[in-house]
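First to last, the protein sequences are chains L and P. For the first sequence, position 214 matches number 214 in the UniProt record's numbering, and the numbering has no gaps at all. For the second sequence, position 255 matches number 255 in the UniProt record's numbering, and the numbering has no gaps at all. Cβ atoms here follow ideal geometry from the backbone N, Cα and C, with glycine treated the same way. One structure is given below, encoded as structure tokens.
Protein chains: 2
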Amino acid sequence: MNNKVAIQGILGSFHHQVAKEYFGDDVGVDECLSFDALVDSLLSKTSSVGVMAIENSIAGSIIPNYALIDMNGLHIIGEHYINVQHNLLVLKGQSIEDITEVYSHPMALLQCKVFFKQYPHIKLIEDADTAEVARRIHQGQLKGVGAIASKVAANIFDLDILAEGIQTMKNNATRFVIVQTKNSVIPKEAINKASVMFELGTKRGSLATVLNVMSDCKLNLTKIQSLPKIETPWRYSFFVDVTFEQYEDFEKAKALLKIMASHFKVHGEYKNAKK
Amino acid sequence: MNNKVAIQGILGSFHHQVAKEYFGDDVGVDECLSFDALVDSLLSKTSSVGVMAIENSIAGSIIPNYALIDMNGLHIIGEHYINVQHNLLVLKGQSIEDITEVYSHPMALLQCKVFFKQYPHIKLIEDADTAEVARRIHQGQLKGVGAIASKVAANIFDLDILAEGIQTMKNNATRFVIVQTKNSVIPKEAINKASVMFELGTKRGSLATVLNVMSDCKLNLTKIQSLPKIETPWRYSFFVDVTFEQYEDFEKAKALLKIMASHFKVHGEYKNAKK
Chain L
1 MNNKVAIQGI LGSFHHQVAK EYFGDDVGVD ECLSFDALVD SLLSKTSSVG
51 VMAIENSIAG SIIPNYALID MNGLHIIGEH YINVQHNLLV LKGQSIEDIT
101 EVYSHPMALL QCKVFFKQYP HIKLIEDADT AEVARRIHQG QLKGVGAIAS
151 KVAANIFDLD ILAEGIQTMK NNATRFVIVQ TKNSVIPKEA INKASVMFEL
201 GTKRGSLATV LNVMSDCKLN LTKIQSLPKI ETPWRYSFFV DVTFEQYEDF
251 EKAKALLKIM ASHFKVHGEY KNAKK
Chain P
1 MNNKVAIQGI LGSFHHQVAK EYFGDDVGVD ECLSFDALVD SLLSKTSSVG
51 VMAIENSIAG SIIPNYALID MNGLHIIGEH YINVQHNLLV LKGQSIEDIT
101 EVYSHPMALL QCKVFFKQYP HIKLIEDADT AEVARRIHQG QLKGVGAIAS
151 KVAANIFDLD ILAEGIQTMK NNATRFVIVQ TKNSVIPKEA INKASVMFEL
201 GTKRGSLATV LNVMSDCKLN LTKIQSLPKI ETPWRYSFFV DVTFEQYEDF
251 EKAKALLKIM ASHFKVHGEY KNAKK
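In structure tokens:
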């Protein structure tokens, strides 16, 4: 049995931080340079479990990751939140005027683009991982190049921090889910959150009817997102997260929703990490 | 009065295509290399109206653009859909083995990443615009570099199309909104769609209650998206699009929602472009 944890990124990345906080400091990780590679690591049994960013306050849900979970039949067995702080890292001795290119993960670039508006001479370039760019600057002793990454990465790769907390939203909570190919064996009394999806047509009030049932079953909605069904005009998929106090309430809602909505699917039942 | 239309991108971009289809072939455009620049063009009155991508089938809502509309008090006065087809464009005579770097808009890169999995020697690099990269390859006669852009761009900039329709979702409908700083003067009888936002606490069933009111007022939901409120745990913003047959029904719903939800705001009332 392989107990490695697949993370998006390398040692020093935010996914690595989450893996350490969730599984313990001595966690063994498989460094994956994309979310697709992370899924491959699980499917090939290189790793037994994975850590995947799923939503943040700026971009909302990372819909492509929902699609990866759905298409590959992964199960969400837990969640974890961290407050992501981005920093501009450069080779020691470099100043902001020296920097002409900054590389990072697309989500990090998006979160910091307001900061870089004041430096129009800097070109922002998408890269696979935040920490990997820091490693590259260190290994190649690259001048003129910046990374957007964590303080941990600055420390590991011996770089200067030119600017701290450069993301627009200072309180930048990012939610990660813990996923695996097999369903979890969490005891029912520990489960108080679930991620589900279902489809509805456009019959007026159909979503309200479903939400009424959830409310009647004492489920609290913590997230909802509609997505038009590809190739099927006027049908929608809904991704919904709910919290509850009694697992029995959720079981009752599941039984009802299977009848009311088509393609009802549970992506995971797990313990709420908030509060 | 300046009648220019602000677009994200340059001539030959998908935003340009939308501007032509919506305003006519001889539309005058202001080429903006980011959505922020597009908003600046409107606020500085360089343009009187703008075209902005707002959601697609793959990534869902482009939440940062909702934030731009909200924070800058823009009004949505219309919408337009096009089926975006991405193509790999290169300098004439180049083959796929010659190409080591492909530049495009982050959304185009995301939509085509599965295609590039079979070519691990190609590095994907984020750029401001799809068509602008095609122009650059043409002007610099750049070898080894590819662009992801439209067939129109291939034609304008005299490039080879190495691969057609390389996005994962072949039916890639993208929704654009038409925005301006002043509210619209659309006659009420032409209005049958609206984009609204509101906030709710986590009182159980509060969203179901709001959706029941919408349903009672004969509004059809075509999109819903929750977003956690920054710095306010357990409060959520909801972005909702509705369609209706009678403007009076929407007026009634507005009056009720202003009382029921906090921070209720109408981002636009316009004509539904579907069907």
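When the Cα atoms are used, V266(P) and I178(P) turn out to be separated by approximately 15 Å. For chain L, the residues of the stretch 205-228 of chain P that bring a beta carbon within less than 9 Å of one of its beta carbons are G205, S206, L207, A208, T209, V210, L211, N212, V213, M214, S215, D216, K218, L219, N220, L221, T222, K223, I224, Q225, S226, L227, P228, in chain order. When C-alpha distances from C217(L) are compared across E245(L), F115(L), D30(L), L207(L), the shortest belongs to E245(L). Contact between L68(L) and T181(L) fails: their C-beta atoms lie close to 12 Å from each other, not under 8 Å. When Cβ-Cβ separations below 8 Å define contact, S41(L) makes no contact with chain P. By the CB criterion at 8 Å, S150(P) and D127(P) fall outside the cutoff.
G60(P) reaches chain L at S61, I63, Q225, L227, counting residues in chain order whose Cβ is nearer than 7 Å. Contact check between the stretch 192-201 of chain L and the stretch 257-266 of chain L: three or more CB pairs, one atom from each, fall below 8 Å, which counts as touching.
Counting only Cβ-Cβ distances below 9 Å, L110(L) has contacts in chain P at P64, P106, in chain order.
Straight-line spacing of the CA atoms in V133(P) and F115(L) works out to 24 Å.
Around the CB of T130(P), 16 or more other CB atoms lie within 10 Å, so the residue is classed as buried. Residue environment analysis places E55(L) among the buried positions, since at least 16 neighbouring C-beta atoms fall within 10 angstroms of its C-beta. The three-state secondary structure of P64(L), taken from DSSP, is helix. Cβ neighbours of Y81(L) within its own chain (closer than 8 Å, five residues either side excluded): A173, T174, R175, F176, A273, K274. When the five nearest sequence neighbours on each side are left out, the beta carbons in the same chain lying within less than 8 Å of the beta carbon of V5(L) are those of A19, F23, V27, G28, V29, D30, S47, S48, V49, G50, V51, in order along the chain. The Cβ-Cβ distance between V84(L) and F14(L) falls below 8 Å.
Counting along the chain, F157(P) sits inside no alpha helix (DSSP H), nor does DSSP assign it H or E at all. Interface annotation, I137(L): not in contact with chain P, CB-CB separation never under 8 Å. For K258(L), the enclosing alpha helix (DSSP H) covers residues 247-260. Counting the other Cβ atoms within 10 Å of the Cβ of H16(L) gives 16 or more, which makes it buried. A273(L) carries a coil assignment under DSSP once its states are collapsed to helix, strand and coil.
Scanning M214(L), L91(L), I125(L) for the CA closest to the CA of I156(L) turns up L91(L). Just so you know, the alpha carbons of L142(P) and I125(L) end up roughly 19 Å apart. Between D36(P) and chain L, the shortest Cβ-Cβ separation is below 8 Å.
Distance from F238(P) to I224(P) at the Cβ level is roughly 7 Å; contact confirmed, criterion being Cβ atoms closer than 8 Å. Here G78(P) is bridged, per DSSP, to I178(P).
For the stretch 75-94 of chain L, the set of positions with a beta-carbon nearer than 7 Å to some beta-carbon of chain P is empty. Assignment of beta-bridge partners to T243(L) by DSSP yields K193(L), N220(L).
It is roughly 22 Å from the alpha-carbon of G146(L) to the alpha-carbon of C32(L). Neighbours of L142(P) in chain L, taken as residues whose beta carbon is under 8 Å from its own, are absent, since the nearest beta carbon is some 16 Å off. Beta-carbon to beta-carbon, L211(P) and D249(P) are separated by about 15 Å, too far to satisfy the 8 Å threshold. Look at S95(L) here: in three-state DSSP terms it is coil, with no helix or strand label. If you draw a straight line from the Cα of Y270(P) to the Cα of L221(P), it is about 15 Å long. In this chain, the alpha helix (DSSP H) harbouring G140(P) covers 130-140. Taking the beta carbon of L33(P) as reference, no residue of chain L falls within 8 Å; the closest one sits roughly 11 Å away. Under a criterion of Cβ atoms nearer than 7 Å, the residues of chain L adjacent to I125(P) are, in order, I125, E126.
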